[in-house]
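Numbering (our numbering), first residue to last: 179 to 469.
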Amino acid sequence: MMTNQAYQLCKFMKEGFLISFIFLLMILWLSSCSDLQKESSNSACNAALDNQDFDTAISVCTSSKGKGDAYMGKGGFTVTNLLNNSGGETTPSHISGANTSNLGTVDSTGATIMYILGIAFSQVSDDTTRGTKIASAKSAFDSASSSYAGVIASDKDAALMYTFANVFAMQLGQSILYDAGDNGAQNSTPSNCGTNYSNSETGIKKYDGYLWTAEKNKTQCSASSYSSMCSDLSSTISYISKIKDGLSKSGSSTSSSNTQIISYSQTAVCTMMKSINTANGSDVCDVSDCP
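Following this line, the structure appears as structure tokens:
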């Protein structure tokens with residue numbers, strides 16, 4: 179039996195509004211859309227979810243799936259947001275006009291997710307408010323993950339929703355970790371940042387979802403040691419492990435064209451952790467779960 183969120187998403191996609199958003203793997207729902215059943219264990223829960231009254235749903239939903247759906251909605255993962263925001267954000271001028279010779283390359287995955295959730299740079303103008311909304315959404319997705327966790331072994335739909343919850347939480351966590359400042363750095367070596375790049379020089383903005391190499395460098399070079407760096411990256415590895423587990427239990431292949439981004443993300447993080455070990459001269463990062 180499908181979760182309320184999955185039911186609505188299947189209906190959403192069957193009506194022709196399939197999102198071009200591979201990272202979220204929406205196409206995977208099409209195989210289960212023939213069983214358009216709502217969660218039926220609690221009519222009050224269903225009513226609250228249908229009305230997108232997620233605070234009430236969190237209180238009245240008693241099943242793991244129902245409560246998980248409520249937290250997903252609380253985080254902003256709703257059919258309304260998917261329909262209205264699936265087109266993506268127009269690249270802000272501070273990104274398109276940035277000094278890439280200083281900043282390096284940019285990862286816009288966070289901005290794409292934030293736009294779908296309704297908390298992107300173009301949707302929430304105040305940096306502090308945007309940061310607060312990111313933290314709140316991440317907390318909701320963490321709670322959704324915890325709610326779904328107890329049933330993913332026996333429910334493939336819940337397993338896929340569990341996967342999505344961890345994908346969102348992981349990416350928002352990256353924004354909290356790397357995107358909290360408005361400057362960047364030349365180097366990533368602990369206590370050796372090299373040249374610092376200010377907001378006026380680069381166009382970096384707090385919590386905009388666009389992560390430049392220089393922003394990641396600034397966070398890492400501000401650490402006191404390589405071990406401290408690893409503590410930050412280990413939380414990301416934890417999410418990746420959960421994502422892999424969710425995909426496995428949902429019956430989805432992690433090697434398909436729709437799910438390779440998960441493997442790519444794991445490889446990128448593991449490569450960084452291994453490089454930290456090499457730079458430190460000993461294993462300060464636990465890479466036992468890395469391929």
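Just so you know, even glycine gets a beta-carbon here, dropped at the ideal spot from N, CA and C.
Please read all numbers here as calculations on a predicted model, not as lab measurements.
Next item on the list: Return the residue from the list SER400, TYR293, GLY424 that minimises the CA-CA distance to SER264.
Entry: Locating residue 264 in the sequence shown gives position 86, counting from the first residue. Residue nearest to SER264 within the set SER400, TYR293, GLY424 is TYR293 (criterion: CA-CA distance).
Check: CA-CA distance, PHE199 and SER314?
Finding: On the sequence shown, position 21 is the one that residue 199 refers to. On the sequence shown, position 136 is the one that residue 314 refers to. Caution is warranted here: a pLDDT of 40 is assigned to PHE199, below 50, making its placement in the model unreliable, and no coordinate value can be reported.
Check: Looking only at its own chain, which residues have a Cβ that is under 7 Å from the Cβ of CYS346, when we skip the five neighbours before and after it?
Finding: Counting from 1 along the sequence shown, the entry for residue 346 is found at position 168. In the sequence as displayed, the identity of residue 346 is Phe instead of Cys. Answer for PHE346: GLY253, PHE255, ILE291, PHE319, listed in chain order.
Note to self: On the DSSP letters alone, give me the boundaries of the alpha helix (DSSP H) that THR391 sits inside.
What the structure shows: Residue numbering aside, residue 391 sits at position 213 when the sequence shown is read from its first letter. Note, THR391: alpha helix (DSSP H), 391 to 399.
Notebook entry, point to check: What are the boundary residues of the alpha helix (DSSP H) that THR307 is part of?
Noted result: Taking the sequence shown and counting its residues from 1, the one referred to as residue 307 is at position 129. It spans 305 to 327 - the alpha helix (DSSP H) in which THR307 sits, taken as one unbroken run.
Next item on the list: Measure from the alpha carbon of GLY387 to the alpha carbon of each residue in TYR249, GLY275, ASP285, VAL257, then state which is nearest.
Entry: As a position in the sequence shown, residue 387 is number 209, starting the count at 1. Looking at the Cα atoms, ASP285 is the closest of the given residues.
Note to self: Determine whether the beta carbon atoms of VAL447 and THR414 lie at a separation below 8 Å.
What the structure shows: The residue labelled residue 447 in the question sits at position 269 within the sequence shown. The residue labelled residue 414 in the question sits at position 236 within the sequence shown. Yes, these two residues count as a Cβ contact at 8 Å.
Checklist line | Cβ shell of PHE232 (< 8 Å), same chain only, five flanking positions each side left out | finding: As a position in the sequence shown, residue 232 is number 54, starting the count at 1. Cβ neighbours of PHE232 within its own chain (closer than 8 Å, five residues either side excluded): ALA226, ALA248, TYR249, GLY251, LYS252.
Check: Assuming LYS383 and PHE299 make a contact with CB atoms under 8 Å, what is their CB distance in whole Å?
Finding: For the purposes of this step, residue 383 is taken as the residue at position 205 of the sequence shown. For the purposes of this step, residue 299 is taken as the residue at position 121 of the sequence shown. Right, their Cβ atoms sit about 7 Å apart.
Next item on the list: Would you decide whether THR341 is buried or exposed? Buried here means 16 or more other CB atoms lie within 10 Å of its CB.
Entry: For the purposes of this step, residue 341 is taken as the residue at position 163 of the sequence shown. Flag for THR341 reads buried.
Next item on the list: State the Cα-Cα distance for the pair LEU389 and TYR356, rounded to the nearest angstrom.
Entry: Position 211 of the sequence shown, counted from the start, is the residue given in the question as residue 389. Position 178 of the sequence shown, counted from the start, is the residue given in the question as residue 356. C-alpha separation (whole angstroms): 7 Å.
Next item on the list: Using 10 angstroms around the beta-carbon of GLY362, count the other beta-carbons present and answer buried if the total reaches 16, otherwise exposed.
Entry: Here the question's residue 362 lines up with position 184 in the sequence shown. Counting the other CB atoms within 10 Å of its CB gives GLY362 a total of 16 or more, which places it among the buried residues.
Note to self: According to DSSP, is THR234 part of a helix, a strand, or is it coil?
What the structure shows: Residue numbering aside, residue 234 sits at position 56 when the sequence shown is read from its first letter. Reduced to three states, the DSSP call for THR234 is helix.
Note to self: Give me, in chain order, the residues of the same chain whose beta-carbon lies closer than 7 Å to that of VAL302; leave out the 5 immediate sequence neighbours on both sides.
What the structure shows: By one-based count along the sequence shown, residue 302 stands at place 124. Correct list, in chain order: ARG308, LYS311.
Next item on the list: Using 10 angstroms around the beta-carbon of GLY169, count the other beta-carbons present and answer buried if the total reaches 16, otherwise exposed.
Entry: Residue 169 lies beyond the residue range present for the chain, which begins at 179 and ends at 469; the question has no answer from this structure.
Check: Thinking C-alpha only, which one of GLY359, SER369, TYR385, PRO368 is nearest TYR480?
Finding: Within the shown structure, residues of the chain are numbered from 179 to 469, placing residue 480 beyond reach of any answer.
Checklist line | Residue range of the unbroken alpha helix (DSSP H) whose run includes ALA248 | finding: By one-based count along the sequence shown, residue 248 stands at place 70. ALA248 -> alpha helix (DSSP H) spans 242 to 253.
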